[in-house]
Amino acid sequence: MSAAIIDGKAFAARVRAQVAEGVAALAGHGIVPGLAVVLVGEDPASQVYVRSKGRLTVEVGMQSFEHRLPADTGEDTLLDLIAQLNADPAVNGVLVQLPLPGHLNSDLVINAIDPAKDVDGFHISNVGLLGTGQKAMVPCTPLGCLMMLRDHLGSLSGLEAVVLGRSNIVGKPMAQLLLGDSCTVTVAHSRTRDLPDVCRRADILVAAVGRPQMVPGDWIKPGATVIDVGINRVAHEGGTRLVGDVDFDSAAAVAGAITPVPGGVGPMTIACLLANTLTATCRAHGLAEPEGLTA
Ligand code: GUN
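Residue 0 is where the sequence shown starts when you use numbering that gives the first Met the number 0, and the numbers rise one by one after that.
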């Protein structure tokens, strides 16, 4: 192995410490940021995420509001709750855990959140603001990836970036953020022709396709920085283990730097959610935003 390991766990702890400092400074103004998380149904992975979010929210000194609703909750009930959270001055951030049960229209629900409290950055207004280079709430996972890239590489200007995956949650906003930092960006996906050759162009390769170990080392340009967003549970020696979208061992032999799974991008997502909640709180009160925690 020659690649440097980008330690997302340690980086996320630093981000959370910075958020905690920002929260402590707000206490001087009599302000306590509040984050409301809404979970509909009992998806086990979502329950784990929501529990971690609640714990870490309190750890940085914010208020955590959790709303757990049954899987058969009607759209009107959910929209009423969102309206209530939008109107609540103690709530600075609102997150509706995805995926929602199939009978609920996710777009409708997400677009009901006040864009100023949309700490996921999924509201159509924030998507538009990001796409036009204006001040937005930025989706947490791509924001975390951008922070790690800037930290490791310094300026990203002029670099070739390939984003593998075109989801609204990661691929598309990641591409916008990299464009904002003056990368030359290609968004590749399952239908891309000559995918290995496209990936081999990348100085920065962000893999976010949700396919275990899909990217082997020989798709990677020597010295490239590889950000692996995938979190896939696979069978392993009678049990299971987590792997990324990148085949870590072969990739680490070629790349200049790589994020591991687990312990890479994953911990950065919640850290950036807390950073976004702090940012939303500062904006709501007309106070200066914390430095280094936004795009
Ligand atoms: N489910 C998986 N990732 C996310 C995320 O970043 N935000 C929300 N709201 N739901 C998710």
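Think of the CB as a built atom: it goes at the ideal place given N, C-alpha and C, for glycine as much as any other residue.
Using 10 angstroms around the beta-carbon of residue i, count the other beta-carbons present and answer buried if the total reaches 16, otherwise exposed.
| i | result |
| --- | --- |
| H188 | exposed |
| N125 | buried |
| N104 | exposed |
| Q300 | Only positions 0 to 294 of the chain appear in the structure, and residue 300 is not among them; the question remains open. |
| A279 | buried |
| P114 | buried |
Taking the alpha helix (DSSP H) that residue i falls in, what are its first and last residues?
| i | result |
| --- | --- |
| H151 | 139–152 |
| T280 | 264–283 |
| E58 | 43–58 |
| D248 | 247–251 |
| I226 | Segment 224–227 is the beta strand (DSSP E) holding I226; no alpha helix (DSSP H) there. |
| L78 | 74–86 |
Should residue i be listed as close to the ligand GUN, given that the test is whether its C-beta is under 6 Å from any heavy atom?
| i | result |
| --- | --- |
| Q175 | no |
| L129 | no |
| L97 | yes |
| L94 | yes |
| D119 | yes |
Is the distance from the Cβ of residue i to the Cβ of residue j below 7 Å?
| i | j | result |
| --- | --- | --- |
| P266 | G21 | no |
| V90 | L99 | no |
| A201 | E159 | yes |
| M296 | V162 | Past the edges of the chain, shown from 0 to 294, lies residue 296, and the structure says nothing about it. |
| D180 | Q212 | no |
Whose C-beta lies closer than 7 Å to the C-beta of residue i among residues of the same chain, with five residues either side of it excluded?
| i | result |
| --- | --- |
| A270 | A11, V14, R15, G143 |
For residue i, which residues from the same chain have a beta carbon less than 6 Å from its beta carbon, with the 5 sequence-adjacent residues on both sides left out?
| i | result |
| --- | --- |
| F310 | Because the chain in this structure spans residues 0 to 294, residue 310 falls outside the shown range and cannot be described. |
| L68 | V39 |
| L177 | A160, V184 |
| G164 | G170, A207, V208 |
| P215 | D246, S249 |
Could you give the residue range of the beta strand (DSSP E) that holds residue i?
| i | result |
| --- | --- |
| Q62 | 62–68 |
| I203 | 203–206 |
For residue i, I'd like the list of residues in its chain whose CB is within less than 8 Å of its CB, leaving aside the five on either flank, ordered along the chain.
| i | result |
| --- | --- |
| P195 | D217, W218 |
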